[in-house]
Amino acid sequence: MAAKTVLITGGAQRLGAMLCRSFASAGWSVWCHYHRSGAAAESLRTNLAQQGLMIHTVQADLAIEAQRQLMMDQIVAQTSPLHCLVNNASSFEPDSARDFDVDAARQQLEVNLLAPMALTAAMARSIPARDRSGERSVIHVLDQKVFNLNPDYFSYTTSKLALERLVALQAQALAPQLRVCGVAPGLMFVSGPQSQANFDKASKINLLRRPINPAQVAASCLFLATNPCITGVTLTVDNGQHLLPLPRDVMFVVEQQPKGGA
Amino acid sequence: MSTSPPPATRQRTVLITGAAKRLGREIALTLAKEGWRVAVHYRDSVEEAAKTVADCKKLAGACASFRANLASETAVRNLLPTVIEEFGHVDALVNSASTFEHDTAATFTFAALEKHVRSNAGAAILLSHALFEHLQTQGDEARGVIVNLLDQKLWNPNPDFMSYTLSKAALEAANTMLAIELAPRMRVVGVAPGLTLASHLLRPEKFDSLNKLSPLGHASTAADVAATVSFALNNKSITGTTLIVDGGQHLASAA
Numbered sequence: 001m002a003a004k005t006v007l008i009t010g011g012a013q014r015l016g017a018m019l020c021r022s023f024a025s026a027g028w029s030v031w032c033h034y035h036r037s038g039a040a041a042e043s044l045r046t047n048l049a050q051q052g053l054m055i056h057t058v059q060a061d062l063a064i065e066a067q068r069q070l071m072m073d074q075i076v077a078q079t080s081p082l083h084c085l086v087n088n089a090s091s092f093e094p095d096s097a098r099d100f101d102v103d104a105a106r107q108q109l110e111v112n113l114l115a116p117m118a119l120t121a122a123m124a125r126s127i128p129a130r131d132r133s134g135e136r137s138v139i140h141v142l143d144q145k146v147f148n149l150n151p152d153y154f155s156y157t158t159s160k161l162a163l164e165r166l167v168a169l170q171a172q173a174l175a176p177q178l179r180v181c182g183v184a185p186g187l188m189f190v191s192g193p194q195s196q197a198n199f200d201k202a203s204k205i206n207l208l209r210r211p212i213n214p215a216q217v218a219a220s221c222l223f224l225a226t227n228p229c230i231t232g233v234t235l236t237v238d239n240g241q242h243l244l245p246l247p248r249d250v251m252f253v254v255e256q257q258p259k260g261g262a
Numbered sequence: 001m002s003t004s005p006p007p008a009t010r011q012r013t014v015l016i017t018g019a020a021k022r023l024g025r026e027i028a029l030t031l032a033k034e035g036w037r038v039a040v041h042y043r044d045s046v047e048e049a050a051k052t053v054a055d056c057k058k059l060a061g062a063c064a065s066f067r068a069n070l071a072s073e074t075a076v077r078n079l080l081p082t083v084i085e086e087f088g089h090v091d092a093l094v095n096s097a098s099t100f101e102h103d104t105a106a107t108f109t110f111a112a113l114e115k116h117v118r119s120n121a122g123a124a125i126l127l128s129h130a131l132f133e134h135l136q137t138q139g140d141e142a143r144g145v146i147v148n149l150l151d152q153k154l155w156n157p158n159p160d161f162m163s164y165t166l167s168k169a170a171l172e173a174a175n176t177m178l179a180i181e182l183a184p185r186m187r188v189v190g191v192a193p194g195l196t197l198a199s200h201l202l203r204p205e206k207f208d209s210l211n212k213l214s215p216l217g218h219a220s221t222a223a224d225v226a227a228t229v230s231f232a233l234n235n236k237s238i239t240g241t242t243l244i245v246d247g248g249q250h251l252a253s254a255a
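Those sequence lines, one after another, are chains A and B.
Per the working numbering, the very first residue in the first sequence carries number 1; after that it's consecutive.
Per the working numbering, the very first residue in the second sequence carries number 1; after that it's consecutive.
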């Protein structure tokens with residue numbers, strides 16, 4: 001049997017690169033989408049090839065509908081209809097409820113919400129209507145903050161809240177051909193304006209008091225892509241960060257801690 | 001006397017409640033296949049427990065059964081020490097045993113509520129804390145994990161099985177509270193199956209027709225639930241949350 005095919009958006013770096021590596025290691029045929037990170041995507045491809053793991057790379061601006069559709073057509077033409085789509089690409093820009101730029105907010109909703117909707121729809125149209133094996137799935141990468149709100153990164157958070165509800169809605173709409181699941185990680189990489197020193201502290205602010213291992217988050221996506229009984233649910237993979245409510249984003253809470261404290 | 005090897009290399013041991021039959025047995029076999037030593041808890045199913053032990057032994061080499069009535073606090077408090085006596089150490093607990101009897105608001109009694117809450121929630125809490133205390137004696141680095149078997153109906157309620165459902169709701173709340181209280185030493189994860197096996201209250205024909213109503217055309221299979229329990233035991237970044245494995249049953253209103 002031919003290898004199962006997966007598209008990972010934002011696959012060149014950070015969690016995306018880990019996802020490409022995990023799926024490829026498990027024998028999947030991997031499409032790594034990138035937008036501006038062409039060099040990183042190429043270096044990931046070379047790096048994995050040295051380990052005997054072949055991946056394809058594909059460039060698209062996920063904010064543009066024509067490019068999204070072109071990418072999906074290209075993948076189906078070159079390999080086969082997808083078995084799994086991991087919507088991992090995210091736009092993450094600081095703004096607030098009182099003072100957000102509408103165009104910037106629209107851009108984040110386009111990448112974080114409309115792109116996953118459009119790519120999922122294109123995938124659903126491309127697979128056989130009779131297919132009800134539970135083999136095909138869509139995984140939306142969320143953020144533990146959808147279960148543990150703070151008002152920082154307001155538009156980003158709004159887009160992820162909508163995406164979280166989309167998990168159940170698409171699962172209802174697209175069963176039995178497609179399963180739809182979410183994975184909600186916590187802080188894994190230096191993010192936005194964060195310094196390494198800030199990250200080192202913030203990454204331990206969770207129940208298990210240690211940094212979240214991105215490999216475990218990728219393993220969770222792979223598990224959901226494989227288990228044929230799971231749909232319409234989000235798995236939180238965050239060392240329990242969602243059970244530690246904070247008034248602001250964890251990176252700002254660290255900044256506010258008094259210097260020289262314990 | 002031999003000294004036990006360091007936690008990283010020694011064979012992992014799991015206590016599974018209600019492991020003689022049905023889903024608990026499937027979980028026992030799956031974990032034995034992965035190399036776990038399995039402590040099979042049972043209440044009355046002597047022969048089935050012996051069979052599960054024999055089958056696990058073929059896969060993992062070490063397995064033993066332990067009888068206890070989980071409605072009795074004394075019996076629950078004695079259970080883990082007996083398992084530790086047999087195996088030397090325990091790393092994980094799967095709370096799978098369930099009392100499952102029918103009632104509704106119309107037939108509800110305090111006695112039915114108490115019976116369900118004792119074995120389905122109370123026993124799980126006592127065993128969880130007993131495992132936590134045991135791990136505290138195993139050094140600062142010793143880590144453990146608990147999986148609680150819940151039910152998709154907590155996310156898709158209907159008025160049947162009032163006492164049972166309340167006991168599972170209590171266990172779901174305990175899942176979160178234990179994750180907070182026992183961290184960072186222990187992870188606590190819920191697994192919520194849907195309709196998985198026919199039962200004394202659900203004949204095979206009825207089971208088949210209900211099963212097909214799930215959005216995916218099938219609810220959960222025992223093997224897929226057991227694989228999810230194994231995943232929850234192994235993934236070190238997951239705690240204080242629940243994974244529903246039900247073919248999407250919780251998304252559809254009950255027909």
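Think of the CB as a built atom: it goes at the ideal place given N, C-alpha and C, for glycine as much as any other residue.
Under 7 Å Cβ to Cβ from residue 176(A), same chain only, skipping five residues before and after it: list those, please. 132
For the beta strand (DSSP E) containing residue 242(B), list its first residue and its last residue. 241–245
Could you name the residues of chain A that residue 183(B) contacts, counting a contact when the two beta carbons are closer than 7 Å? 207, 208 and 240
So residue 194(B) and residue 214(B) are supposed to be a Cβ contact under 8 Å. How far apart are they, rounded? 6 Å
Do the stretch 31–50 of chain B and the stretch 235–254 of chain B meet, that is, are 3 or more Cβ pairs less than 8 Å apart? no
Thinking just about the alpha-carbon of each residue, which of 118(B), 120(B) and 126(B) is nearest to the one in residue 78(B)? 126(B)
Report the residue from 60(B), 21(B), 75(B) and 35(B) whose alpha carbon sits nearest the alpha carbon of residue 50(B). 21(B)
Can you list the beta strand (DSSP E) stretches of 3 or more residues lying completely in the stretch 41–90 of chain A, in chain order? 55–59 and 84–87
Determine the contact status of residue 124(B) and residue 154(B), defining contact as a CB-CB distance below 8 Å. no
Assign residue 195(A) to buried or exposed, taking buried as 16 or more other Cβ atoms, counted over all protein chains shown, within 10 Å of its Cβ. exposed
Neighbouring residues, chain A, relative to residue 216(B) (Cβ below 8 Å): 132, 134, 175, 176, 179, 228, 229 and 231
In whole angstroms, give me the CA-to-CA distance for residue 142(A) and residue 134(B). 36 Å
Could you tell me which of 80(B), 136(B), 208(B) and 199(B) sits nearest to residue 67(B), measuring between CA atoms? 80(B)
Check each residue of the stretch 225–238 of chain B: if its Cβ is closer than 7 Å to any Cβ of chain A, include it; give the result in chain order. 227, 228, 231, 235, 236, 237 and 238
Going by alpha carbons, who is nearest to residue 65(B) out of 72(B), 71(B), 85(B) and 73(B)? 85(B)
C-beta contact flag for residue 71(A) and residue 215(A) at 8 Å: no
Note down the Cα distance separating residue 147(B) from residue 185(A), rounded to an integer number of angstroms. 20 Å
Is the CB of residue 138(A) under 8 Å away from at least one CB in chain B? no
Taking 8 Å as the threshold (beta carbon to beta carbon), is residue 125(B) in contact with chain A? no
For residue 136(B) and residue 33(B), I'd like the C-alpha separation in whole angstroms. 28 Å
Whole-Å CB distance - residue 219(A) paired with residue 22(A), under 8 Å assumed: 6 Å
By alpha-carbon positions, which one of 29(A), 230(A), 102(A) and 193(A) ends up nearest to residue 254(A)? 193(A)
Report the CB separation of residue 117(A) from residue 166(A) in whole angstroms; it is logged as a contact under 8 Å. 7 Å
In the stretch 37–74 of chain B, which residue ranges form an unbroken beta strand (DSSP E) of at least 3 residues, counting only runs that do not cross its ends? 37–42 and 63–67
Go through its chain and collect everything with a Cβ distance to residue 100(A)'s Cβ below 7 Å, but skip five positions before and after it. 154 and 155
I'd like to know if the stretch 107–127 of chain A and the stretch 201–217 of chain B are in contact, where contact means that at least 3 CB-CB pairs between them fall below 8 Å. no
For residue 147(A), which residues of its own chain have a beta-carbon under 6 Å away from its beta-carbon, when the five flanking residues on both sides are left out? 242
Give me, in chain order, the residues of the same chain whose beta-carbon lies closer than 7 Å to that of residue 250(A); leave out the 5 immediate sequence neighbours on both sides. 187, 202 and 205
Residue 145(A) versus residue 185(B) - alpha carbon distance: 23 Å
Excluding the 5 residues flanking residue 160(B) on each side, which residues of the same chain have their C-beta closer than 8 Å to its C-beta? 102 and 104
For chain B, is any of its Cβ atoms less than 8 Å away from the one on residue 17(A)? no
Do the CB positions of residue 38(B) and residue 56(B) come within less than 8 Å of each other? yes
C-beta neighbour in chain A for residue 30(B), strict 8 Å: no
Residue 138(B) and residue 250(B) closer than 8 Å at C-beta: no
Within its chain, find whatever has a CB closer than 8 Å to the CB of residue 104(A); leave out the 5 residues flanking it on each side and keep chain order. 93, 95 and 155
If I measure Cβ to Cβ from residue 230(A) and keep anything under 7 Å in the same chain, skipping five residues before and after, which residues do I get? 179, 181 and 224
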